[in-house]
Amino acid sequence: MSFELETAISPEKLRRVAIDPVSRVEGHGKVTILLGDDNKVHQVRLHIVEFRGFEKFIQGRPYWEVPVMVQRLCGICPVSHHLASSKAMDMMLGVKQLTPTAEKIRRLMHYGQILQSHALHFFHLASPDLLFGFGSDVGARNITGIIAAHPEIAKKGVLLRKFGQEVIRMTAGKRVHGTGSIPGGVNKSLAPDERAELLKDIYQMMAWSRDAVGMIRQLFEQNLVEYNAFGRFPSAGMSLVRADGAMDLYHGGLRARDADGNTLFDHFDYGRYWEVIGEDVKPWSYMKFPFFKSLGPDDGSYRVGPLTRVTHCDSIPTPLADKEREEFMAFDGGSVTGATLGYHWARMIEMLHAAENIKDLLHDDDIIGDDLIATGERQGRGVGVIEAPRGTLIHHYRVDENDLVIRANLIVSTTHNNHAMNTAAREVAKKYLNGREITEGLLNHIEVAIRAFDPCLSCATHALGRMPLEVAIVGADGTVIDEATRDHRGLTRAFA
Amino acid sequence: MITPTLIFGWGNPSRGDDALGPLFIDRMAALQLPGVECLTDFQLQVEHALDLENRRRILFVDASLDAAPPFTVTLLAPARDASFTTHAMTPAAVMQVYVGLHDEAPPPCTLLAIRGERFDLGEEVSPAAASHLDAALAWARLWLAG
């Protein structure tokens, strides 16, 4: 099955516009748009160059190396891979319950990651669009523009991110390539002086997180009609929830609902995720398209991440974030709960939740305990799932009798959101680009929709000079009619 | 304690020659030079502007496909470049964030760009890049003595 604007009827007769790569996302993504002579949009596709070498990279490694090695899959969310693989190896070792200290140190690390990742995305990657406008001057539509126009907002973003990185450093042992989480537990707890250092700043982080929720709410109030309609589409969703239905970003069962809000499965054991999730392929994309098996590949696509988590859970188990969730759900009769840009609001509620959790954990004496490792009866397989900043992250391994990994399967958040991001891009193209002359500002509208999901394209390489932006309008015969280029030194040539 | 000299190398140790930055840091840190702090990360981001505070000078070290072999050295100035639009910033952009945060010029920053050739996940550092790394380390010893 092909969706509206997914595949044009006569693509050879159309002009092609490419956004390559999509900026302010991690890794390499490209959008291609096919236009008719009247600039009518016929086809929109987001191509993500998904690296399928993960399995090969991991196969043959001893299982205890995996939580460290997988951090090198992604320079943006290494902690998420660190923790998901650790959870998988817990299962492989037959560990059903971590020690209180181990679980709380891992949670502290995870909430540090959520805090710093959400802060980076909102303050530095999304706020230029939100504060200056989607089609505003590209020269100012970036973090230095934010620093110039809104220095206090920019500083909060930098310091929130720094605080989250410090939580990671203290729990994982190092700023990067941390080794804190290991199969069966952790290898260190927090030292009393580390705890005191984090406690000094956590209340300020909570206050700034509340301010950020207020800021995105205010932006919605000022732009309600545009924000609510922007890239909007009905969608199913999936997330982990705690046994009582509350939000839990570290552990729980899988909850899925269809686009009408009907429950498809609830508290489902993620150790058998393949019974409910399939992976479809499309001839034009290297990235798979996951779907709910009960709905089939044509109707079973879904989205994950902050918007789904905040709207699917029954409550948030920290008071300030729960109050913000209630207001979010009730705002304008609940309309924002289905808005693509609602991801930003939900993301800031989660950032507040992460800050509250960090505060609670820092006051818990278990984080300075010394009972770090649990044991169990060795299994041959392990599945670990967490709610990473961008959504549900699945790690699945098989380990042989020599303790070597013989099979690995990873489904990352951005893969779950593949169909949703394509749909959001098409909705925006239909509304904003159809029949108009293409400008950088209009193309940025497509990127704004994709960026709402904060896709992480799993590419940690970045050598100097390898991050260009190229936008080309290509005729049906392949001739370049017009182009714009931007390299790491700035915009060097715009459309003629 | 903040040291007067910061050497900051970045890259992914498991992506072939992208490991040049972290390897440079490993080799330099092993020397345990007084007054020199060595830091590494996968890539540069806004919070690294805070690492520039209270330094006398900074050396940024990265792998580069553009640098003439074995390496190039560039004195940097703060710049609003397009790396602001990615998850991975340039050192000039990090310096610009410093300016924005502190309303003053950052300490002098130099970029040591070491020529690399291959960057795929799971690859080893290429022989040519390893040779470039040796040359870059020798240059850095002179730079530190200067």
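Keeping their order, the protein sequence lines are chains A and B.
According to the numbering used here, the first sequence holds residues 1 to 496 in order.
According to the numbering used here, the second sequence holds residues 1001 to 1146 in order.
Built from N, CA and C at the ideal position, the CB exists for glycine as well.
Find out if the Cβ-Cβ distance for the pair residue 353 (chain A), residue 205 (chain A) is shorter than 8 Å.
For residue 353 (chain A) and residue 205 (chain A), no; Cβs fall outside 8 Å.
State the start and end residues of the unbroken alpha helix (DSSP H) segment that holds residue 1010 (chain B).
Counting along the chain, residue 1010 (chain B) falls outside any alpha helix (DSSP H), though it belongs to the beta strand (DSSP E) covering 1005 to 1010.
Tell me which same chain residues have a C-beta within less than 6 Å of the C-beta of residue 306 (chain A), skipping the five on either side of it?
Within the same chain, residue 306 (chain A) has close Cβ partners 343, 346, 347, 350.
Which partner residues of residue 44 (chain A) appear in the DSSP bridge assignment?
Partner(s): A:33.
In the structure shown, what three-state DSSP assignment does residue 24 (chain A) receive?
In this prediction, residue 24 (chain A) scores a pLDDT of 40, lower than 50, which makes its location untrustworthy; no coordinate-derived value is stated.
How many Å lie between residue 186 (chain A) and residue 123 (chain A) at the Cα?
Cα-Cα distance, rounded: 32 Å.
Apart from the five residues on each side of it in sequence, which residues of its chain come closer than 6 Å, Cβ to Cβ, to residue 178 (chain A)?
Contacts found: 172.
So if DSSP puts residue 387 (chain A) in a beta bridge, which residue, or which two residues, is it bridged to?
Answer is A:392, bridged to residue 387 (chain A).
Is there a Cβ from chain B that is less than 8 Å from the Cβ of residue 353 (chain A)?
Closer than 8 Å: no.
Output, in sequence order along the chain, the residues in the segment 1029 to 1040 of chain B whose CB is closer than 9 Å to any CB in chain A.
So the close ones are 1039, 1040.
Can you list, in chain order, the residues of its chain whose CB lies under 8 Å from that of residue 441 (chain A), leaving out five sequence neighbours each side?
Within the same chain, residue 441 (chain A) has close Cβ partners 134, 135, 136, 138.
Assuming residue 394 (chain A) contacts residue 250 (chain A) under a Cβ cut-off of 8 Å, what Cβ separation, rounded to an integer in Å, is found between them?
The Cβ separation is near 14 Å, so there is no contact.
Can you give me the C-alpha to C-alpha distance between residue 1145 (chain B) and residue 1035 (chain B), rounded to a whole angstrom?
Roughly 12 Å between the two C-alpha positions.
Taking the continuous beta strand (DSSP E) assigned at residue 238 (chain A), which residues delimit it?
Run containing residue 238 (chain A): 236 to 241, per the beta strand (DSSP E) assignment.
For the alpha helix (DSSP H) containing residue 342 (chain A), name the first residue and the last one.
Start and end: 342 to 362.
For residue 454 (chain A), does the count of other Cβ atoms within 10 angstroms reach 16, so buried, or fall short, so exposed?
Counting Cβ neighbours within 10 Å, residue 454 (chain A) comes out buried, since at least 16 surround it.
What number of angstroms, rounded off, separates the C-alpha of residue 1072 (chain B) from the C-alpha of residue 1031 (chain B)?
Distance between the alpha carbons of residue 1072 (chain B) and residue 1031 (chain B): 23 Å.
Any Cβ of chain A within less than 8 Å of the Cβ of residue 1131 (chain B)?
No, no contact with chain A.
Got a sec: is the Cβ-Cβ distance from residue 1042 (chain B) to anything in chain A below 8 Å?
Taking Cβ atoms only, chain A reaches closer than 8 Å to residue 1042 (chain B), which makes this a yes.
Just the C-alpha distance for residue 233 (chain A) and residue 341 (chain A), rounded to the nearest angstrom, thanks.
Their Cα atoms are separated by approximately 11 Å.
Starting from residue 176 (chain A), find everything on chain B with Cβ-Cβ shorter than 7 Å and list it in chain order.
Simply 1040, 1041, 1042.
Taking a contact to mean a Cβ-Cβ separation below 8 Å, would you say residue 1024 (chain B) touches residue 78 (chain A) in this structure?
No.
Kindly list, in the order they appear in chain A, the residues whose Cβ is closer than 7 Å to that of residue 1013 (chain B).
By Cβ distance, chain A contributes 72.
Quick check on residue 301 (chain A): does DSSP put it in helix, strand or coil?
Reduced to three states, the DSSP call for residue 301 (chain A) is coil.
On the DSSP bridge assignment, give the partners of residue 178 (chain A) in chain order.
According to DSSP, which records beta bridges pairwise, residue 178 (chain A) is partnered with nothing at all.
Whose Cβ in chain B lies nearer than 8 Å to the Cβ of residue 158 (chain A)?
Chain B residues near residue 158 (chain A): 1046, 1047, 1049, 1050, 1097, 1101.
What residues from the segment 1058 to 1077 of chain B come within 7 Å of chain A, judged by C-beta to C-beta, listed N to C?
Against chain A - using a Cβ distance shorter than 7 Å - the residues of the segment 1058 to 1077 of chain B are 1062, 1063, 1064, 1065, 1066.
What residues in the segment 1103 to 1129 of chain B have a beta carbon less than 7 Å from any beta carbon of chain A?
Cβ contacts with chain A come from 1113, 1116, 1119, 1121, 1122.
Out of A:450, A:40, A:131, state which residue places its alpha-carbon closest to the alpha-carbon of residue 431 (chain A).
Taking only the C-alpha atoms, the option nearest residue 431 (chain A) is A:40.
Taking C-beta to C-beta, are residue 329 (chain A) and residue 46 (chain A) nearer than 8 Å?
Cβ atoms of residue 329 (chain A) and residue 46 (chain A): not closer than 8 Å.
Spatial neighbours of residue 291 (chain A) within its chain, please: CB distance less than 6 Å, with the 5 preceding and 5 following residues excluded, ordered by chain position.
Excluding sequence neighbours, residue 291 (chain A) sits near 278, 280, 297, 300, 301.
With 16 as the cutoff for other CB atoms within 10 Å, does residue 375 (chain A) come out buried or exposed?
Residue 375 (chain A) comes out exposed.
For chain B, check one thing: does any of its Cβ atoms lie closer than 8 Å to the Cβ of residue 441 (chain A)?
Taking Cβ atoms only, chain B never reaches closer than 8 Å to residue 441 (chain A), which makes this a no.
Just to confirm my understanding: we take residue 1128 (chain B), look at its own chain, exclude 5 residues before and 5 after, and list those with CB closer than 8 Å. What are they?
Around residue 1128 (chain B): 1069, 1115, 1117.
Does the beta carbon of residue 323 (chain A) come closer than 8 Å to any beta carbon on chain B?
Not closer than 8 Å to any Cβ of chain B, the Cβ of residue 323 (chain A) fails to qualify, so no.
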